[in-house]
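Student:
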Amino acid sequence: MAEKKTVSVTESNRKKKTTTAGGSNMPAAKATGSATPKRIGAVILWILAIALEVVAILMVGNRIIINLKYHLWFIIGAIVLDLIFVICGSLLWKSANLIDPASEKNKTKFWLWNNMGMLVAVAAFLPLIILTLTNKNADSKTKTAVGIIGAIALGIALLFGHDWNPISAEEKAAMEGTFSDSALPEGDVYITSTGTKFHLYEDCQHIKDRTKFSCKEAASEENKNIVDIAIEHGCTEVCKTCEAKFQKETGTTPAEGE
Ligand SMILES: [Zn+2]
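The opening residue of the sequence shown carries number 8 in our numbering; numbering runs sequentially from there.
1. Which residue marks the beginning of the beta strand (DSSP E) containing S221, and which one marks its end?
2. Taking the alpha-carbon positions, what's the K45 to A103 distance?
3. Using three-state DSSP, classify V196 as helix, strand or coil.
4. Any heavy atom of ligand 2 within a distance shorter than 6 Å of the CB on T248?
5. Can you tell me whether S147 is buried or exposed, with buried defined as 16 or more other CB within 10 angstroms of its CB?
6. What residue from N230, S97, L191, K116 has the CA that sits closest to I50's CA?
7. Under a three-way DSSP split, which group does G206 fall into?
8. Does the beta-carbon of E228 have 16 or more other beta-carbons within 10 angstroms, so that it is buried, or is it exposed?
9. Can you grab the Cα-Cα spacing for the pair G48 / L191, in whole Å?
10. Looking at the structure shown, is E224 part of a helix, part of a strand, or coil, going by DSSP?
11. Taking 7 Å as the threshold (C-beta atoms), are T149 and L79 in contact?
12. Tell me the DSSP secondary structure of K252 in three-state form.
13. Taking the alpha carbon of C95 as the reference point, which residue from F81, V61, W53, N74 has its own alpha carbon closest?
14. Decide yes or no for the touch test of the stretch 204–220 against the stretch 157–169: beta carbon pairs closer than 8 Å, at least 3 of them.
15. Per DSSP, which residues does G245 bridge with? Please list them.
16. For the alpha helix (DSSP H) that H78 lies in, which residues bound it at each end?
17. Can you give me the Cβ contacts of H240 inside the same chain, cut-off strictly under 8 Å, excluding the 5 residues immediately before and after it?
18. Quick check: the Cα distance between L105 and E224, rounded to an integer number of angstroms?
19. Suppose you measure from the CA of T139 to the CA of I82; what does that come to, to the nearest Å?
20. Please state whether the Cβ-Cβ distance between A145 and V67 is less than 7 Å.
21. Can you grab the Cα-Cα spacing for the pair P173 / L99, in whole Å?
22. Once DSSP output is grouped into helix, strand and coil, what is the label at S147?
23. State buried or exposed for I137, treating a residue as buried only when at least 16 other CB atoms are found within 10 Å of its CB.
24. Span of the alpha helix (DSSP H) holding D235?
25. Cβ of P134 within 7 Å of Cβ of S175?
26. Let me confirm a value: I233 is counted as buried when at least 16 other C-beta atoms fall within 10 Å, else exposed. Which label applies?
27. Looking at I238 and A226, is the spacing between their C-beta atoms short of 7 Å?
Structure, rendered in structure tokens:
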């Protein structure tokens, strides 16, 4: 697997140069620390989203009436705000996952951490849809509108909630080992905006004719570490061609498995 390949580069690097490892890397503790406010922010936004859903449910049941003439519009407004809070919460949560990913060793937590946005999406819209469609007090116009808008909102929230490129603590640790090591052939890592792999050589055949950028430059501009730049752009695996070239140059052989 790709993850194991990453580990193999890391391991061989560590064996060769243990004295200089970690020189350009920020301490992991600092990166972990900034994930907590993001998680708290995400949870607060999600709680607000659920609160708005409750308001919408109460309005559908005519328990809250702000303005009778525009009643349906207030319900729709609550659903839209609900959706905005869910999306903002999910984006914050996913960025926290990049900084401080869950360990694969704890299967439940790993699944939960990577699927939290989708679970919240379901919780923030499905009860509203079901309770509206089964509400005897709601008229058919309200049922149709809330049913359709609620379903669209649920779909959008699921898209934003899904982590398209989840990373584990182990993968990130392996990347940090590779990146921090001064044995990086060019002292830098290169990525493209659409790729999922990071490259060790600027002239790698896969990125030679494409728009690429240096993670090191971006890291110093944004005051982050190289690993976070690559991960933020969805690049969590080392390019196979670069890895082969690296192994050929350094004389290290790939070690399969852990
Ligand atoms: Zn490459």
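Glycine residues also receive a C-beta, built at the ideal position from the N, C-alpha and C atoms.
Tutor: Reading from the atomic positions:
1. That run of the beta strand (DSSP E) goes 219–221.
2. Cα to Cα, the separation comes out at about 6 Å.
3. In the three-state reduction of the DSSP assignment, V196 falls in the coil class, being assigned neither a helical nor a strand state.
4. The ligand content of the structure shown is limited to ligand 1, which means ligand 2 is not among them.
5. The residue is exposed, with fewer than 16 neighbouring Cβ atoms inside 10 Å.
6. Sequence check: residue 50 is Val here, not Ile. Ranking N230, S97, L191, K116 by Cα distance to V50 puts S97 first.
7. Sequence inspection shows His at residue 206; the Gly mentioned does not correspond to that position. Correct three-state label for H206: strand.
8. Burial is judged here by how many other beta carbons sit within 10 angstroms of a residue's own beta carbon; E228 has fewer than 16 and is exposed.
9. Our two residues, G48 and L191, have alpha carbons roughly 36 Å apart in a direct line.
10. In the structure shown, E224 falls within a helical segment according to DSSP collapsed to helix, strand and coil.
11. Taking C-beta atoms as the reference points, L79 and T149 count as a pair closer than 7 Å.
12. K252: helix per DSSP, three-state reduction.
13. Comparing Cα-Cα distances from C95 to each of F81, V61, W53, N74, the minimum goes to W53.
14. With fewer than three CB-CB distances shorter than 8 Å, the stretch 204–220 does not count as touching the stretch 157–169.
15. First, the residue type needs correcting, since residue 245 is Val and not Gly in the sequence shown. Partner(s): F205.
16. If you look at H78, you'll find it in the alpha helix (DSSP H) that goes 78–106.
17. Here the set comprises I198, S200.
18. Each residue's Cα considered, the two are about 20 Å apart.
19. Computed Cα separation, rounded: 11 Å.
20. Result yes, Cβ atoms of A145 and V67 sit closer than 7 Å.
21. Inter-residue distance for P173 and L99 is about 14 Å (C-alpha atoms, whole angstroms).
22. Under the three-state reduction of DSSP output, S147 falls in the helix class.
23. The residue in question, I137, is exposed, as its Cβ has fewer than 16 Cβ neighbours within 10 Å.
24. According to the DSSP assignment, D235 belongs to the alpha helix (DSSP H) that extends over 233–239.
25. For P134 and S175, no; Cβs fall outside 7 Å.
26. Within 10 angstroms of the beta-carbon of I233 lie 16 or more other beta-carbons, which makes it buried.
27. Taking 7 Å as the Cβ cut-off, A226 and I238 do not qualify as a contacting pair.
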